[in-house]
Amino acid sequence: MVKEFMDIKKSCPPPAQLKKTAFDKNTDKNRYKDVYCTDDTRVVLSYPEGGNDYIHANWVDIGESKHRFICTQAPKANTVADFWRMVWQEKSKAIVMLCNIMECGKKKCEQYWPDKKDETVSLLKTFSLQLRPTKGSAITTRAPILGDMLRSKIRKSLCQDQQARFFCAGFTHGALCFA
Numbered sequence: 001m002v003k004e005f006m007d008i009k010k011s012c013p014p015p016a017q018l019k020k021t022a023f024d025k026n027t028d029k030n031r032y033k034d035v036y037c038t039d040d041t042r043v044v045l046s047y048p049e050g051g052n053d054y055i056h057a058n059w060v061d062i063g064e065s066k067h068r069f070i071c072t073q074a075p076k077a078n079t080v081a082d083f084w085r086m087v088w089q090e091k092s093k094a095i096v097m098l099c100n101i102m103e104c105g106k107k108k109c110e111q112y113w114p115d116k117k118d119e120t121v122s123l124l125k126t127f128s129l130q131l132r133p134t135k136g137s138a139i140t141t142r143a144p145i146l147g148d149m150l151r152s153k154i155r156k157s158l159c160q161d162q163q164a165r166f167f168c169a170g171f172t173h174g175a176l177c178f179a
């Protein structure tokens, strides 16, 4: 996978040819200086109005298919709330984590979910996440539930499909829910 990443990186246009204004303006939200978020395909956050609309995430088309997915960097401590804003906004059906929190002694990802059953993590003033006990298979399912903390103004636009599932290998004792 690392070799493929490096091969793809070599085939990309030089940075000077890329339109990456938002990436350049939000250096504190970028995990790496040389993995760019291009303006033409980036996910633009729409909530809260007047807030920073940047997240290091791009839409990716799958050839001729009508299906698309979002490819995003692993969240940093200061982008976890942005990550969950994006999940709600784009009505994501799945999250596939391709890295570990720690790799080779280096932190590669901020833990973006609660650790313990019934633990609640607040995100902004309108979102919180809670790990709730569930019965299930070895693959963890996390069903987002719209919480009371959401303001009525945004409740309509953020309503999610209650059947959405989030997967994380090795994490099998609960469901991650918006509380």
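Okay, so the sequence shown: first residue is 1 according to UniProt numbering, each after it adds one.
Positions of the beta carbon are idealized from the N, C-alpha and C atoms, including for glycine.
Computed from a predicted structure; not experimentally measured.
query                                                                                                                          : result
DSSP bridge partner residues for cysteine 37 (one or two, in chain order)                                                      : None, per the DSSP bridge assignment.
Cysteine 37, buried or exposed, once every other Cβ within 10 Å from all chains shown has been counted against 16              : buried
contact_flag[the segment 111-124, the segment 62-73] where n(CB pairs < 8 Å) is 3 or more                                      : no
Sheet register partners of phenylalanine 23 (DSSP bridge)                                                                      : Beta-bridge pairing links phenylalanine 23 to no other residue.
Residues near tryptophan 59 by beta carbon distance below 7 Å, same chain, minus five either side                              : Thr41, Val43, Arg68, Ile70
Serine 137 (DSSP reduced to helix, strand or coil)                                                                             : Confidence at serine 137 is low in this model, with a pLDDT of 38, below 50, so the placement of that residue is unreliable and no value is reported for it.
Start and end residues, alpha helix (DSSP H) containing aspartate 82                                                           : 80-89
Anticipated Cβ contact below 8 Å, histidine 56 with lysine 33, distance rounded                                                : Wrong, their Cβ atoms sit about 11 Å apart, outside the cutoff.
Aspartate 61: first and last residue of the uninterrupted alpha helix (DSSP H) it sits in                                      : Taken as a continuous stretch (DSSP letters only), aspartate 61 belongs to no alpha helix (DSSP H), being part of the beta strand (DSSP E) at 54-61.
Among Asp39, Met102, Glu49, Lys107, the one whose alpha carbon lies nearest that of lysine 25                                  : Asp39
Lysine 93 and cysteine 99 closer than 9 Å at C-beta                                                                            : no
Collapsed DSSP secondary structure at serine 157 in the structure displayed                                                    : Here serine 157 scores only 34 on pLDDT, less than 50, and its place in the model is too uncertain to base an answer on.
Three-state class that DSSP yields for glutamate 4 in the structure shown                                                      : helix
Nearest-angstrom Cα separation, counted from cysteine 104 out to lysine 19                                                     : 33 Å
Test item: CB-CB of glutamine 89 and serine 122 under 9 Å                                                                      : no
Beta-carbon contacts of lysine 3 that lie in its chain and below 8 Å, excluding the five residues immediately before and after : none
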